[in-house]
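K.L.:
Per my numbering, the sequence shown starts with residue 47, numbered consecutively. We treat Cβ as the ideally placed atom computed from N, Cα and C, and that holds for glycine.
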Amino acid sequence: MLDRDLFELFEHTADAAFIVSDSGEICSWNASAERLFGFVRAEAIGTTCSELFEGRDALGTLVSTENCHFRDCAWAGTLTPDFDLEVTVRSGRRMWVNVSTITYEDAKTGRRRIVHLARTVDGRKRTEALVHGVLEMSRQLVATSDEGQRPAPVAPVSEQELRILSGFAEGRRAGEIARALKITPQTLRNHLHRINQKLGTHTRMEAVLHAIRRNLISAPPVLAGPPIADASGMASAATVA
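(1) Spatial neighbours of R250 within its chain, please: CB distance less than 7 Å, with the 5 preceding and 5 following residues excluded, ordered by chain position.
(2) Starting from L55, trace the beta strand (DSSP E) in both directions and tell me its first and last residue.
(3) Could you check if E205 is buried or exposed, using at least 16 other CB atoms within 10 Å of its CB as the buried criterion?
(4) Got a sec, what are the start and stop residues for the alpha helix (DSSP H) F83 sits in?
(5) Should N76 be labelled buried (16 or more other beta-carbon atoms within 10 Å of its own) or exposed?
(6) For K154, count neighbouring Cβ atoms within 10 angstroms of its own Cβ and tell me buried if that reaches 16, exposed if not.
(7) Measuring only the C-alpha atoms, how far is E252 from F83?
(8) Starting from T166, trace the beta strand (DSSP E) in both directions and tell me its first and last residue.
(9) With H, G and I counted as helix, E and B as strand and the rest as coil, what does DSSP make of I229?
(10) By the three-class DSSP mapping on this structure, what secondary structure does L176 have?
(11) To the nearest whole angstrom, what separates the beta carbons of T166 and M141, a pair I think is in contact under 8 Å?
(12) Where I210 and G217 are concerned, what is the direct C-alpha to C-alpha distance, given to the nearest angstrom?
(13) State the beta-bridge partners of M141 as determined by DSSP.
(14) So, does the region 145 to 159 touch the region 63 to 71, judging by three or more C-beta pairs under 8 Å?
(15) Can you tell me whether DSSP reads V86 as helix, strand or coil?
(16) Check this for me: beta carbons of G101 and V133, under 8 Å apart or not?
(17) What is the rounded straight-line gap between the Cα of D128 and the Cα of V86?
(18) Quick one: give me the first and last residue of the alpha helix (DSSP H) that A257 is part of.
(19) Which residues bound the alpha helix (DSSP H) around A215?
(20) Under the three-state reduction of DSSP, which class applies to A63: helix, strand or coil?
(21) Once DSSP output is grouped into helix, strand and coil, what is the label at G101?
(22) Under three-state DSSP, which class holds S69?
(23) For a quick check, are the C-beta atoms of R219 and A265 less than 8 Å apart?
(24) Using the Cβ count rule (16 or more neighbours within 10 Å means buried), how would you classify G179?
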């Protein structure tokens, strides 16, 4: 199969499809890839995945590098399962995608191509983060059943600090909140330090939990309802979730 035939085969797929050459350069970029990632064909072709995406795995490890593990597996004929990757899109925001891989080798020339098919999983990642946050809140409520006895904040919590607490209550990650509020990660950390000082708390999750119980912020949908009076009430909400 000639390159043009291979490129045409994936041109009209619903998934974003891009093809990588032996040398690691992107040599095909379909219309769905343009829509998903925002990069037009001319910007993508000739670059490498590491240059374009700055892809990181669930642990935050940079995996889109010149020495691509997934490309090495494909060349070795190792089965490559689909994987989740956080990438940078054209607008500069970070987005989670799920990527599957197809390896093609021309029997006549020995030339190899790797086809990557990608689709967004941002919604699933947000849900996972929210569920994790709810479970952590439930655990801390059970562990600190006397939370209701904690004194009121020693100083008023600012609107910006409440926005930060609300973001964490909704299951958002620190980087996502910082970008939304147009502040640096260090500024966000400074805010969290002051929040804990004001609320008399020690961790981010403890501060969120305390703010919810004192009606400083709203609970996420799964915890919506009247303020929780004791640990047994929280256990019931967690069971429903």
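P.N.:
On the basis of the supplied data:
(1) Closer than 7 Å at Cβ, skipping near neighbours: F214 and L238.
(2) DSSP places L55 in no beta strand (DSSP E) but in the uninterrupted alpha helix (DSSP H) bounded by D49 to L55.
(3) By the neighbour-count criterion, in which 16 or more other beta carbons inside 10 Å mark a residue as buried, E205 falls on the exposed side.
(4) Note, F83: alpha helix (DSSP H), A77 to F83.
(5) N76 is buried by the Cβ-count criterion.
(6) Burial call: exposed.
(7) Between the alpha carbons of E252 and F83 lies a gap of roughly 36 Å.
(8) Counting along the chain, the beta strand (DSSP E) containing T166 begins and ends at R158 to T166.
(9) Correct three-state label for I229: coil.
(10) In the structure shown, L176 sits in a helix (DSSP, three-state: H, G or I).
(11) Sure, about 6 Å apart at Cβ, within 8 Å.
(12) Cα to Cα, the separation comes out at about 11 Å.
(13) Under DSSP, M141 shares a beta bridge with V133.
(14) Touching, yes, given that three or more Cβ pairs across the two stretches are closer than 8 Å.
(15) Correct three-state label for V86: coil.
(16) For G101 and V133, yes; Cβs fall inside 8 Å.
(17) Those two C-alpha atoms are separated by around 24 Å.
(18) Under the DSSP assignment, A257 falls in the alpha helix (DSSP H) whose first and last residues are R250 to R259.
(19) Here the alpha helix (DSSP H) through A215 covers E205 to A215.
(20) The answer is strand: DSSP assigns A63 an E or B state.
(21) In the structure shown, G101 sits in coil (DSSP, three-state: anything other than H, G, I, E or B).
(22) Here S69 sits in coil by DSSP.
(23) Note that the C-beta distance between R219 and A265 is not below 8 Å.
(24) Flag for G179 reads buried.
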